[in-house]
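Beneath this line is the structure, given in structure tokens, with notes to follow.
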Amino acid sequence: MVGRMLMITPSPATVTKSPIHSIGIVGDKIEELVKMEFNEQEAKDALNRYGQDLEKASNFLLDQSSRS
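With UniProt numbering as the guide, the letters of the sequence shown map in order to residues 1 to 68.
Here it is, written out as structure tokens:
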């Protein structure tokens, strides 16, 4: 019988990223939205709402601004 290898993938809750690395990425995304003339708080809120997905956050903000 050939030995079997068990591969364990950690759950997302157990995987940690370097805080500095995460802040840099989020900061870059906030900066992109601010360049699009959204304020920093709007950018943070939209990114948090959409799991840091820049495209979804920007679409949300653009949609909200067109309704105003």
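For each residue, glycine too, the CB sits at the ideal point set by N, CA and C.
- At the C-beta level, K29 and L54 come within 8 Å of one another.
- For Q41, the uninterrupted alpha helix (DSSP H) run begins and ends at E40 to R49, by DSSP.
- Residue environment: S66 is assigned as exposed (fewer than 16 neighbouring CB atoms within 10 Å of its CB, all protein chains considered).
- With 16 or more other Cβ atoms from the protein chains shown falling within 10 Å of its own Cβ, L33 counts as buried.
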